[in-house]
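Notes follow once the structure below has been shown.
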Amino acid sequence: MENDFLLPVTFQGKEREFPVRFLNYGYSSKLEVEIDGTKILFEPDEERNWRALISYEDLVANKNISRELLEAVAGVIEEITK
46 MENDFLLPVT
56 FQGKEREFPV
66 RFLNYGYSSK
76 LEVEIDGTKI
86 LFEPDEERNW
96 RALISYEDLV
106 ANKNISRELL
116 EAVAGVIEEI
126 TK
């Protein structure tokens, strides 16, 4: 997998692309996805499902980032990492 790439996500009937950076931390890896200027980390949980890590302040500051959008991004990440 490349270190930097664009992630295509279909959300609410619209195709969007988000810049992604692959981060490797020893035995684990994370993806840093930039959504509307906010960098959000995605990491696999204990069951190998991808979850978003975003601070409450960032979530409140950027109203365009909804739970549904984060779930859509996580779903695409899951598809490409299987």
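Residues in the sequence shown are numbered from 46 upward in steps of one, following this note's numbering. Yeah, the Cβ is synthetic: ideal placement off N, Cα and C, and Gly gets one too.
Quickly, what does DSSP pair residue 66 with across the bridge? List them, please.
Looking at the DSSP assignment, residue 66 forms a beta bridge with 49 and 77.
Which partner residues of residue 85 appear in the DSSP bridge assignment?
The partner list for residue 85 (beta bridge, DSSP) reads 78.
Could you tell me whether the Cβ atoms of residue 66 and residue 77 are closer together than 8 Å?
Cβ distance < 8 Å, so residue 66 and residue 77 count as in contact.
With 16 other Cβ atoms within 10 Å as the buried cut-off, status of residue 51:
So residue 51 counts as exposed.
Measuring CB to CB, does residue 56 end up less than 8 Å from residue 104?
Not in contact: residue 56 and residue 104 (Cβ atoms no closer than 8 Å).
Can you name the start and end residues of the beta strand (DSSP E) that residue 112 belongs to?
Where residue 112 is concerned, there is no enclosing beta strand (DSSP E), although the alpha helix (DSSP H) around it starts and stops at 112 to 126.
Helix, strand or coil at residue 60 according to DSSP, with G and I counted as helix
DSSP places residue 60 in the strand class (E or B) of the three-state scheme.
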